[in-house]
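Everything below concerns the one structure shown next.
Number of protein chains: 2
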Amino acid sequence: MKSGPTIQDIAAAAGVSKSTVSLVLQQSPKIRAETAEKVREAARALGYVYNRGAATLRGRRSTTIGMVINDLTNPFFVELLVAIERVLAQSGYTTLMAHTAEDLEMQTRVLQSMREQNVAGLVMSPALGTPDSLPAEIRSWGIPLVLVMRPMGTDVDTIGVDNFVGFQLATEHLIEQGHTRIAFAGNRAGYTVATQRRQGYLKAMADHGLKVDPRWIIDVELTPEGGRQAVRAIFDLASPPTAVVCYNDQVAFGVLRELDRMGKRAGKALAVVGCDNVVASEHTNPPLTTLSAGADTLGTIASETLLSRLEESAHNEQPIMQYFAKPKLVVRESSTGPAQ
Amino acid sequence: MKSGPTIQDIAAAAGVSKSTVSLVLQQSPKIRAETAEKVREAARALGYVYNRGAATLRGRRSTTIGMVINDLTNPFFVELLVAIERVLAQSGYTTLMAHTAEDLEMQTRVLQSMREQNVAGLVMSPALGTPDSLPAEIRSWGIPLVLVMRPMGTDVDTIGVDNFVGFQLATEHLIEQGHTRIAFAGNRAGYTVATQRRQGYLKAMADHGLKVDPRWIIDVELTPEGGRQAVRAIFDLASPPTAVVCYNDQVAFGVLRELDRMGKRAGKALAVVGCDNVVASEHTNPPLTTLSAGADTLGTIASETLLSRLEESAHNEQPIMQYFAKPKLVVRESSTGPAQ
DNA sequence: CTGAAAGCGCTTACAG
DNA sequence: CTGAAAGCGCTTACAG
Numbered sequence: 001m002k003s004g005p006t007i008q009d010i011a012a013a014a015g016v017s018k019s020t021v022s023l024v025l026q027q028s029p030k031i032r033a034e035t036a037e038k039v040r041e042a043a044r045a046l047g048y049v050y051n052r053g054a055a056t057l058r059g060r061r062s063t064t065i066g067m068v069i070n071d072l073t074n075p076f077f078v079e080l081l082v083a084i085e086r087v088l089a090q091s092g093y094t095t096l097m098a099h100t101a102e103d104l105e106m107q108t109r110v111l112q113s114m115r116e117q118n119v120a121g122l123v124m125s126p127a128l129g130t131p132d133s134l135p136a137e138i139r140s141w142g143i144p145l146v147l148v149m150r151p152m153g154t155d156v157d158t159i160g161v162d163n164f165v166g167f168q169l170a171t172e173h174l175i176e177q178g179h180t181r182i183a184f185a186g187n188r189a190g191y192t193v194a195t196q197r198r199q200g201y202l203k204a205m206a207d208h209g210l211k212v213d214p215r216w217i218i219d220v221e222l223t224p225e226g227g228r229q230a231v232r233a234i235f236d237l238a239s240p241p242t243a244v245v246c247y248n249d250q251v252a253f254g255v256l257r258e259l260d261r262m263g264k265r266a267g268k269a270l271a272v273v274g275c276d277n278v279v280a281s282e283h284t285n286p287p288l289t290t291l292s293a294g295a296d297t298l299g300t301i302a303s304e305t306l307l308s309r310l311e312e313s314a315h316n317e318q319p320i321m322q323y324f325a326k327p328k329l330v331v332r333e334s335s336t337g338p339a340q
Numbered sequence: 001m002k003s004g005p006t007i008q009d010i011a012a013a014a015g016v017s018k019s020t021v022s023l024v025l026q027q028s029p030k031i032r033a034e035t036a037e038k039v040r041e042a043a044r045a046l047g048y049v050y051n052r053g054a055a056t057l058r059g060r061r062s063t064t065i066g067m068v069i070n071d072l073t074n075p076f077f078v079e080l081l082v083a084i085e086r087v088l089a090q091s092g093y094t095t096l097m098a099h100t101a102e103d104l105e106m107q108t109r110v111l112q113s114m115r116e117q118n119v120a121g122l123v124m125s126p127a128l129g130t131p132d133s134l135p136a137e138i139r140s141w142g143i144p145l146v147l148v149m150r151p152m153g154t155d156v157d158t159i160g161v162d163n164f165v166g167f168q169l170a171t172e173h174l175i176e177q178g179h180t181r182i183a184f185a186g187n188r189a190g191y192t193v194a195t196q197r198r199q200g201y202l203k204a205m206a207d208h209g210l211k212v213d214p215r216w217i218i219d220v221e222l223t224p225e226g227g228r229q230a231v232r233a234i235f236d237l238a239s240p241p242t243a244v245v246c247y248n249d250q251v252a253f254g255v256l257r258e259l260d261r262m263g264k265r266a267g268k269a270l271a272v273v274g275c276d277n278v279v280a281s282e283h284t285n286p287p288l289t290t291l292s293a294g295a296d297t298l299g300t301i302a303s304e305t306l307l308s309r310l311e312e313s314a315h316n317e318q319p320i321m322q323y324f325a326k327p328k329l330v331v332r333e334s335s336t337g338p339a340q
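Residue numbers (UniProt numbering), protein chains in the order written: chain A, 1 to 340; chain B, 1 to 340.
Below is the structure:
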């Protein structure tokens with residue numbers, strides 16, 4: 001860190017005061033055009049770089065936003081992150097990113113670090129097992145928080161998907177294809193999102209008068225390896241299901257892989273539906289039918305929710321935002337077989 | 001941003017001076033243990049949060065590292081990012097992340113923003129078409145720079161892979177399987193990394209006395225869609241190649257997909273090798289043979305290179321680091337067929 | 001081992 | 001429309 005010219009140096013070069021330089025840099029209309037031009041010229045000539053840290057300290061408002069993500073190995077979150085970063089950058093904010101890898105201790109460290117860095121706001125997808133009290137704690141720090149994908153009560157701005165409706169949709173699609181024995185892969189006990197998804201599945205089954213064998217509801221890790229286990233569990237049954245709804249695309253990828261290894265074809269031996277519509281789902285063999293929440297749209301809404309919180313004053317507080325997008329089903333070969 | 005207690009408040013509560021509090025927070029051995037404990041207790045009681053921005057301003061050294069990545073949709077870079085972040089966090093640094101999406105204007109903006117944020121150092125995978133002068137320019141800013149994956153001359157610390165050796169290896173593996181007509185998918189004119197990879201491929205072919213039809217060297221986008229085009233180009237030839245070396249796993253995914261669509265099986269109709277060993281390469285159908293550079297190792301080395309630059313003084317400058325890992329070939333079914 | 005003082009680079013009322 | 005002055009929260013020589 002060698003320290004370059006400061007506004008003081010510009011002021012001297014342009015023959016004005018520090019205050020004037022500062023106002024010019026903030027594009028203040030209070031400064032005459034010629035003066036402003038003279039100042040900008042001097043700044044350019046000196047190779048001036050604005051010191052945002054000093055401005056934050058003095059001005060008491062920061063332009064960095066913290067983004068805490070639980071799982072960057074899931075491409076859906078990468079797409080979400082990219083979308084959020086894009087919108088925030090357009091509004092002049094810098095994104096401080098952190099990855100918790102579903103580790104609560106890491107999450108605590110990361111949040112601490114973000115406080116120390118003086119973030120103006122926080123977008124967060126909480127790690128599994130995050131205590132329900134965390135949103136209230138963050139609020140007590142005076143940092144606006146928007147939760148993404150993983151709801152934690154109704155007191156905090158939340159952007160996510162309607163998992164119940166989505167999994168109902170996915171299950172009904174399989175029922176329409178003539179399936180009556182449908183499994184659910186990726187149930188995780190005590191995990192809100194998994195519960196919502198399971199209940200959407202159960203609702204669709206019940207609505208169509210289909211019985212569900214408890215062994216069809218398979219608790220596996222939410223990874224490709226989990227998906228492979230699920231397939232083995234399914235074909236271990238005396239009369240195995242003919243279709244499976246997977247917790248997400250990662251699980252579905254494992255399902256497709258294990259089917260292939262067994263010499264079976266997804267869509268024929270077992271109809272498969274995923275969730276997230278990650279880019280790779282279009283390129284699997286066969287291509288994966290999956291629920292699309294639109295990472296791009298969700299990221300945009302999340303950013304905009306946070307931005308409007310940052311702009312609001314004490315008098316014009318807006319109501320809590322709870323937005324759950326209705327997913328769409330993108331039908332590909334894994335659920336229909338090559339015939340269609 | 002509500003402003004909490006400062007070291008001044010702690011000093012008052014603990015009955016010591018500001019200086020003492022500051023020293024305690026820096027774990028200075030100059031302070032007696034009892035005094036330190038008293039100060040820490042007061043800080044805890046007041047709910048104190050360290051203001052890193054103020055410290056940076058006064059101390060003239062920053063603890064944030066900028067990380068500029070060209071393509072987060074490629075999971076390899078995500079793995080790299082995660083590794084780098086982990087190592088830097090262990091050394092007390094915070095990572096400021098930015099994604100350029102191969103856009104030069106975006107890259108310029110992002111670098112500007114990082115300068116304003118006072119980053120102590122920069123890890124960067126430059127966007128395609130970055131001018132050769134950029135590393136020198138960044139050096140002139142006084143910010144240490146480590147390049148990852150994409151070399152730009154020998155004057156700057158660079159961590160990457162030996163693409164030449166890697167693609168030689170990949171091609172030789174296919175030759176050992178009995179292939180003599182081998183294509184290269186993902187040549188991009190004027191792109192250093194693509195050139196290195198192509199030359200590794202050509203070397204292996206030449207070493208084994210195999211001729212290369214120019215139409216086997218296929219220039220496509222470095223995406224799954226590019227891979228699909230490559231397959232169509234291959235089977236349009238009168239006597240098509242029986243194997244293909246792909247620029248990276250993304251391209252290979254498209255190749256596998258298009259083969260499947262044509263009712264052909266990778267490993268039988270066409271042997272396929274990728275590069276990067278991204279997590280998903282293990283879960284394709286069939287699983288993908290690919291070059292592994294070890295994102296984790298590379299990320300660790302890159303971070304450590306940067307950290308040692310940050311610690312060095314003017315007197316003990318270390319030589320430029322140019323580290324190119326020899327990739328390993330992970331052999332899976334896409335290059336051997338199910339027989340093996 | 002601890003305290004008083006200066007100052008990092010900026011912004012923001014307050015005068016004029 | 002512009003300038004002089006105070007101060008954001010911290011660190012770092014310098015005394016003692």
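We treat Cβ as the ideally placed atom computed from N, Cα and C, and that holds for glycine.
Spell out whether any CB of chain B is found under 7 Å from the CB atom of residue i.
i: proline 29 of chain A; result: no
i: histidine 99 of chain A; result: yes
i: methionine 1 of chain A; result: Unreliable placement is indicated for methionine 1 of chain A, whose pLDDT of 46 sits below 50; the coordinate value is still reported in the next sentence. Yes, its Cβ sits closer than 7 Å to a Cβ of chain B.
i: aspartate 71 of chain A; result: no
i: glutamine 26 of chain A; result: no
i: asparagine 118 of chain A; result: yes
i: valine 285 of chain A; result: For the sequence presented, residue 285 of chain A should be read as asparagine rather than valine. Yes, asparagine 285 of chain A lies at the interface with chain B (some Cβ there is under 7 Å from its Cβ).
i: proline 224 of chain A; result: yes
i: threonine 94 of chain A; result: yes
i: arginine 332 of chain A; result: no
i: valine 231 of chain A; result: no
i: valine 82 of chain A; result: yes
Quick one: does residue i have its CB under 7 Å from some CB of chain A?
i: alanine 280 of chain B; result: yes
i: glutamine 340 of chain B; result: Bear in mind that the predicted position of glutamine 340 of chain B carries a pLDDT of just 38, short of 50, making it too unreliable to give a figure here.
i: valine 78 of chain B; result: yes
i: serine 91 of chain B; result: no
i: proline 131 of chain B; result: no
i: arginine 265 of chain B; result: no
i: arginine 115 of chain B; result: yes
Work out the CA separation of residue j and residue i for me, nearest whole Å.
i: glycine 178 of chain B; j: glutamate 172 of chain B; result: 10 Å
i: threonine 336 of chain A; j: histidine 208 of chain A; result: 20 Å
i: valine 193 of chain B; j: valine 279 of chain B; result: 22 Å
i: glycine 153 of chain A; j: alanine 271 of chain A; result: 35 Å
i: glycine 15 of chain B; j: arginine 188 of chain A; result: 52 Å
i: valine 156 of chain A; j: proline 131 of chain A; result: 14 Å
i: alanine 33 of chain A; j: glycine 92 of chain A; result: 23 Å
i: glutamate 79 of chain A; j: serine 140 of chain A; result: 30 Å
i: proline 241 of chain A; j: glycine 263 of chain B; result: 26 Å
i: glutamate 85 of chain B; j: valine 251 of chain B; result: 27 Å
i: glutamate 311 of chain A; j: serine 334 of chain B; result: 54 Å
i: glutamine 107 of chain B; j: proline 126 of chain B; result: 8 Å
i: arginine 257 of chain B; j: valine 68 of chain B; result: 31 Å
Start and end of the alpha helix (DSSP H) containing residue i?
i: leucine 46 of chain B; result: 33–46
i: alanine 83 of chain B; result: 75–90
i: glycine 200 of chain A; result: 192–207
i: lysine 18 of chain B; result: 18–25
i: isoleucine 10 of chain A; result: 7–14
Taking residue i as part of the beta strand (DSSP E), name the residues at either end of that continuous run.
i: leucine 329 of chain A; result: 328–330
i: leucine 96 of chain A; result: 94–99
i: glycine 186 of chain B; result: Element bounds for glycine 186 of chain B: n/a, residue is neither H nor E.
i: threonine 64 of chain B; result: 64–69
Can you list, in chain order, the stretches of the alpha helix (DSSP H) that have 4 or more residues and sit fully within the region 102–169 of chain B?
-> 104–116 and 134–140
What residues in the UniProt domain "HTH lacI-type" (5–59) of chain A bring their beta carbon closer than 8 Å to a beta carbon of chain B?
-> Val49, Tyr50, Asn51, Arg52, Gly53, Ala54, Thr56 and Leu57
Short-range partners of chain B found in the region 239–260 of chain A, where Cβ spacing is below 7 Å = Answer set for the region 239–260 of chain A: Phe253, Gly254, Leu256, Arg257 and Asp260.
Scan the region 229–312 of chain A and note each continuous alpha helix (DSSP H) run of 4 residues or more that stays entirely inside, going in chain order.
-> 249–261 and 295–311
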